[in-house]
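S.K.:
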Amino acid sequence: MLMMKCIVLICGPPACLKSTLIKILQLIFGHHQILNLEFLCIKKLQEILSKKENEDKCLYNFLSFDDLFLGYENDIIENESNWKLYRLLIANEIENYIFSNVQEKNSSINLKYSSQILDRLYQSLKHLTNDSILIIEDNFYYASMRHRYRQIAQRVKIGFASIHLHSNLTIALERNKKRHISKRVSNVSIENIFSKYDLSTDDLMVDTTSRGLTSEHLHRILQRIQQACNEPEQQLVNIIDDEQRRRATEINQQNMIYQIDQKLRKFISKHLNNEFLLNEKFKIPNEKKLYAEMINNKRQTFLELIKQKFIFIHVNHDDIENRFEQFLNENN
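Here the working numbering is used: the first residue of the sequence shown is 57, the next is one more, and so on.
Now the structure itself:
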């Protein structure tokens, strides 16, 4: 069994600077002196990277799901069940590799691209040693995805850290536009991931909205990786403060509200079209405008009542359109 130092997840929605962070970490751990970081961060780097002269240095292994799925991503994301199975396949094989240090390729999960993806995975894992830190980059937008890697770390008794990068949706969409066309993600996919994103309070959260990645962020990230290496049985929950928990709850609520709002907007569009066709009074242009404004004000009131927990709705199970229609009828 490989007694690695720790597993580190770099996660978050698209265009929140995950790949940028990976590039910075690769430069840092490769000892390239081309980063202009503040002294505080440089000092922390020296503490993390320095070891006794007779000790081997930690090996940092980077694994990107984008690289594993390259060329197959369109087929994989087309079916959400398959998409989840591919991620489960990768997690299972990482666990098997850490425990046995061999390439088994006999997974019970048999998918169209299993063989090709596992070949790429083993290429990425072949340099793992007892001193390795495995850094994995992906969206990991369900908490259960992140929890699977925590389970692996707990089973092997090594460190675990989950570094979550996030920003607001508007900024993410703007960043996505600036990417090379081959790297862009569709706006629909980005909005979908933002709406479903499941934050948990044991993530180290890094808000890249206003200033991108800063030296202060890097300091916190490196500190977290160092802690995971030095205290493998101490979980991240021990260093998360009340503000982190509050922020995680707030972001989850924003994602839920966004998802409900999207459904309401579609419903309102259909509702208005039907009303305008059936009701004679809407032949007067001003009446159309007034009615549309009234409906949208009701939408905002409905969303606010959900935020304040006066109305309880489960996004995946409740019939939101019917609930809103009932709300309209009750308040007219």
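Glycine included, every Cβ here is placed at the ideal spot set by N, Cα and C. For clarity, every value in this text was computed on a predicted model and none was experimentally measured.
In or out: Glu230 buried (at least 16 other Cβ within 10 Å) or exposed?
M.R.: As a first step, residue 230 must be located in the sequence shown, where it is residue number 174. When all chains shown are included, Glu230 counts as exposed.
S.K.: Closer than 8 Å is the cut-off here; do at least three beta carbon pairs connect the stretch 263-272 with the stretch 322-329?
M.R.: no
S.K.: Taking the C-alpha atoms as reference points, what is the distance between Ala71 and Asn335?
M.R.: Counting from 1 along the sequence shown, the entry for residue 71 is found at position 15. Counting from 1 along the sequence shown, the entry for residue 335 is found at position 279. Rounded to whole angstroms, Ala71 to Asn335 spans 45 Å at the Cα level.
S.K.: Looking only at DSSP bridge pairs, what is Cys67 linked to?
M.R.: Here residue 67 is taken as the residue at index 11 of the sequence shown, counted from 1. According to DSSP, Cys67 bridges with His220.
S.K.: Is Ser180 closer than 8 Å to Leu115 when the C-beta atoms are compared?
M.R.: Numbered from 1 along the sequence shown, position 59 holds the residue referred to as residue 115. Numbered from 1 along the sequence shown, position 124 holds the residue referred to as residue 180. No.
S.K.: Quick one: grab the DSSP three-state call for Glu193.
M.R.: The count along the sequence shown starts at 1 and reaches residue 193 at position 137. Of the three classes helix, strand and coil, the one that applies to Glu193 here is strand, per DSSP.
S.K.: Taking only three categories from DSSP, how would you classify Met312?
M.R.: On the sequence shown, position 256 is the one that residue 312 refers to. Of the three classes helix, strand and coil, the one that applies to Met312 here is helix, per DSSP.
S.K.: For Ile249 versus Asn195, is the C-beta distance shorter than 8 Å?
M.R.: Translated into positions along the sequence shown, residue 249 becomes position 193. Translated into positions along the sequence shown, residue 195 becomes position 139. Yes. Within cutoff.
S.K.: Nearest CA to the CA of Ile313: which residue from Ser251, Lys354 and Leu274?
M.R.: Start at 1 with the first residue of the sequence shown, and residue 313 comes out as number 257. Comparing alpha carbon positions, the residue from Ser251, Lys354 and Leu274 closest to Ile313 is Ser251.
S.K.: Using CA coordinates, which residue listed in Tyr128, Gln210 and Ser200 is at the minimum distance from Leu174?
M.R.: The sequence position of residue 174 within the sequence shown is 118, counting from 1. Of the candidates Tyr128, Gln210 and Ser200, the one whose C-alpha sits nearest the C-alpha of Leu174 is Tyr128.
S.K.: Can you give me the C-alpha to C-alpha distance between Asp259 and Phe332, rounded to a whole angstrom?
M.R.: Here residue 259 refers to the residue found at position 203 when the sequence shown is read from its first residue. Here residue 332 refers to the residue found at position 276 when the sequence shown is read from its first residue. C-alpha separation (whole angstroms): 48 Å.
S.K.: Excluding sequence positions up to five away, which residues of its chain have a Cβ less than 6 Å from the Cβ of Leu190?
M.R.: Within the sequence shown, residue 190 is the residue found at index 134, counting from 1. Within the same chain, Leu190 has close Cβ partners Ile63 and Asn117.
S.K.: Rounded to whole angstroms, how far is the Cβ of Asn186 from the Cβ of Met59, which I believe are closer than 8 Å?
M.R.: Sequence index remark: in the sequence shown, residue 186 carries index 130 (1-based). Sequence index remark: in the sequence shown, residue 59 carries index 3 (1-based). At roughly 5 Å, the Cβ-Cβ gap stays under 8 Å, so Asn186 and Met59 are in contact.
S.K.: Determine, using beta carbons only, whether Ile316 and Ile362 come nearer to each other than 8 Å.
M.R.: Translated into positions along the sequence shown, residue 316 becomes position 260. Translated into positions along the sequence shown, residue 362 becomes position 306. Result yes, Cβ atoms of Ile316 and Ile362 sit closer than 8 Å.
S.K.: Rounding to the nearest angstrom, what Cα-Cα distance links Arg204 and Arg379 in this structure?
M.R.: Sequence index remark: in the sequence shown, residue 204 carries index 148 (1-based). Sequence index remark: in the sequence shown, residue 379 carries index 323 (1-based). One C-alpha to the other measures close to 36 Å.
S.K.: Per the DSSP calculation, Asp263 is bridged to which residue(s)?
M.R.: Here the question's residue 263 lines up with position 207 in the sequence shown. According to DSSP, Asp263 bridges with His222.
S.K.: Mind checking whether Ile208 and Glu151 have CB atoms under 8 Å apart?
M.R.: Residue numbering aside, residue 208 sits at position 152 when the sequence shown is read from its first letter. Residue numbering aside, residue 151 sits at position 95 when the sequence shown is read from its first letter. Yes; because the gap between Cβ atoms is below 8 Å, this pair is in contact.
S.K.: Note down the Cα distance separating Glu320 from Pro288, rounded to an integer number of angstroms.
M.R.: Taking the first residue of the sequence shown as 1, we reach residue 320 at position 264. Taking the first residue of the sequence shown as 1, we reach residue 288 at position 232. Reading the sequence as shown, one finds Leu at residue 320 and not Glu. Those two C-alpha atoms are separated by around 46 Å.
S.K.: With DSSP run on the structure shown, which of helix, strand or coil describes Tyr347?
M.R.: Here residue 347 refers to the residue found at position 291 when the sequence shown is read from its first residue. Residue state, collapsed to three classes: helix.
S.K.: Between Ile214 and Ile66, how many whole angstroms is the CB-CB distance? I'm expecting something under 8 Å.
M.R.: What you label residue 214 is simply residue 158 of the sequence shown in a count that begins at 1. What you label residue 66 is simply residue 10 of the sequence shown in a count that begins at 1. With a Cβ gap of about 17 Å, Ile214 and Ile66 do not count as contacting.
S.K.: Helix, strand or coil for Cys285 per DSSP?
M.R.: Within the sequence shown, numbered from 1, the residue matching residue 285 stands at position 229. When DSSP states are grouped into helix, strand and coil, Cys285 belongs to the helix group.
S.K.: Looking at the structure shown, is Asn166 part of a helix, part of a strand, or coil, going by DSSP?
M.R.: Along the sequence shown, one-based indexing puts residue 166 at 110. Asn166: coil per DSSP, three-state reduction.
S.K.: To the nearest angstrom, how far is it from the Cα of Arg355 to the Cα of Tyr142?
M.R.: Here residue 355 refers to the residue found at position 299 of the sequence shown. Here residue 142 refers to the residue found at position 86 of the sequence shown. The straight-line gap from Cα to Cα measures roughly 39 Å.
S.K.: What is the DSSP secondary structure of Ser256, reduced to helix, strand or coil?
M.R.: Within the sequence shown, residue 256 is the residue found at index 200, counting from 1. Looking at Ser256 - three-state DSSP - the assignment turns out to be coil, as it is neither helix nor strand.
S.K.: Starting from Asn117, follow the beta strand (DSSP E) in both directions and report where the run begins and ends.
M.R.: Along the sequence shown, one-based indexing puts residue 117 at 61. Segment Leu115 to Ser120, the beta strand (DSSP E) holding Asn117.
S.K.: State buried or exposed for Val262, treating a residue as buried only when at least 16 other CB atoms are found within 10 Å of its CB.
M.R.: In the sequence shown, the residue the question calls residue 262 occupies position 206. Val262 is buried by the Cβ-count criterion.
S.K.: In terms of DSSP beta bridges, what is Cys62 paired with?
M.R.: Residue numbering aside, residue 62 sits at position 6 when the sequence shown is read from its first letter. The partner list for Cys62 (beta bridge, DSSP) reads Ile189 and Gly215.
S.K.: Could you give the DSSP three-state label for Val244: helix, strand or coil?
M.R.: Here residue 244 refers to the residue found at position 188 of the sequence shown. Helix, per DSSP.
S.K.: Whole angstroms is fine: what's the gap from Ser223's alpha carbon to Ile340's?
M.R.: By one-based count along the sequence shown, residue 223 stands at place 167. By one-based count along the sequence shown, residue 340 stands at place 284. For Ser223 and Ile340, the distance between alpha carbons rounds to 43 Å.
S.K.: Could you tell me the alpha carbon to alpha carbon distance between Glu360 and Leu221, rounded to whole angstroms?
M.R.: One-based indexing of the sequence shown puts residue 360 at position 304. One-based indexing of the sequence shown puts residue 221 at position 165. Approximately 27 Å between the Cα atoms of the pair.
S.K.: Does the beta-carbon distance from Ala199 to Ser256 come in below 8 Å?
M.R.: Here residue 199 corresponds to residue number 143 of the sequence shown, with the count starting at 1. Here residue 256 corresponds to residue number 200 of the sequence shown, with the count starting at 1. In this structure, Ser256 lies closer than 8 Å to Ala199 by Cβ.
S.K.: Which of the three DSSP states, helix, strand or coil, is assigned to Leu292?
M.R.: On the sequence shown, residue 292 is found 236 positions in, with the first residue counted as 1. Any reading at Leu292 must be qualified, since the residue scores a pLDDT of 43, below 50, and its modelled position is unreliable; the value itself is stated next. Helix.
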